[in-house]
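With the first letter of the sequence shown counted as 1, position 193 gets the number 193 in the UniProt record's numbering; the numbers rise by one all the way through. Idealized CB from N, CA, C, for every residue including glycine. Structure first, commentary second.
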Amino acid sequence: MEHPATDRRPRPSSEVTKCLPCIPPPLPPSIGLVGFGAFGRLIARHLAPHARLTIHDPYLPAGLIAAQAGPEAVAADLRHVAACPVVILATPVARLGEAVRALAPHLRPGTLVVDVGSVKTEPAAILAAGLPADVEILATHPLFGPQSAGDGIRGLKIAVCPIRGRGAFRAAAFLRRGLGLDVILTTPEAHDRAMASVQGLTHLIAKVLVAMEPLPTRMTTRSFDLLMQAVGMVRDDAPDVFHAIERANPHAAQVRQRFFALAGQLDAELAGEAVPAAPVRLAS
């Protein structure tokens, strides 16, 4: 008879099952989230299957956060959020400096801090100046929102600007492989130059069209329907989103001025064409 320690015969499945509780399952990664507005809730919904979330929003009661974030998420104070190895700042751009000042004293060395604002030059500078030198930084801009992500986020685009540390590249790999996002590596400057046209013009035109409502809804062309669909994607964005896109982007004013100049030029040309021609004398 073999000694139990040297018996290598397969054990019945019931014996294996009894041994499983002895091996603790690996804990999912922990992510802190500061800000639980519309975009913060979108982040929480898509990260919940991948990580344990610790959420803080100074403007919302903890009970409301806990009720909306799901059973695996925890509403906590800023100190507990800062203890997570990854912290996402889902705050308006105008409040990012305030959030960084409050968070910085509690962060541990090696923590990765991520922002998700609509502009990147100013936030990247705020993060680099306000966070400890031993904290890693990734500036991102998901190029979608709650409206455009209604059918899921797989295949949607996200701009990623590594600012400090190697953790930024690991995070980018997760965004691509774990969430299925189309990751665009760029710089804050290149991002803001592109977004001055991409977002600046979209939101500007949408604002004007919303102000012109009611507009026709039945007798329309396909191109008009698509235009109004684009308006619908941004019409419910918070005012601070429009402010960040049009005011915090250092290149938006130049694009806006060129747009209005060209629109004014076209209006003048059309007005000139509309001048009635001199009456034609009929031969007697």
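Item	Value
For E269, name the three-state secondary structure that DSSP assigns.	helix
Which class does T217 belong to by DSSP, given the choice of helix, strand or coil?	coil
Give me the residue from V86, P250, D57 with the minimum Cα distance to V119.	P250
Considering just the uninterrupted stretch of the beta strand (DSSP E) at P162, what are its terminal residues?	157 to 164
When you compare the CB positions of A172 and L185, do they come within less than 8 Å of one another, or not?	yes
Return the first residue and the last residue of the beta strand (DSSP E) that residue 303 is part of.	Because the chain in this structure spans residues 1 to 284, residue 303 falls outside the shown range and cannot be described.
Kindly provide the ranges of any beta strand (DSSP E) runs that are 3 or more residues long and lie completely inside the region 44 to 92, ordered along the chain.	52 to 56, 86 to 89
Please report the straight-line C-alpha distance between G200 and R256, rounded to a whole angstrom.	7 Å
Helix or strand or just coil, what does DSSP make of I23?	Since pLDDT at I23 reaches only 47, below the 50 mark, its modelled position is unreliable, and no value is offered.
Does the distance from the C-beta atom of A75 to that of I65 stay below 8 Å?	yes
With 16 as the cutoff for other CB atoms within 10 Å, does T54 come out buried or exposed?	buried
Among V100, E189, K207, R164, which has the Cα closest to the Cα of D134?	R164
Which ranges would you report for the alpha helix (DSSP H) in the region 193 to 217 if only whole runs of at least 4 residues count?	none
Is the region 30 to 49 close to the region 78 to 88, with three or more CB pairs under 8 Å?	yes
Quick one: what's got a C-beta closer than 7 Å to D192's C-beta in the same chain, skipping five residues either side?	V119, K120, T121, N249, P250, H251
Only counting the same chain, and skipping five residues up and downstream in sequence, which positions put a Cβ closer than 6 Å to that of L60?	F36
Buried or exposed: which applies to G232, given that a residue is buried once 16 or more other Cβ atoms fall within 10 Å of its Cβ?	exposed
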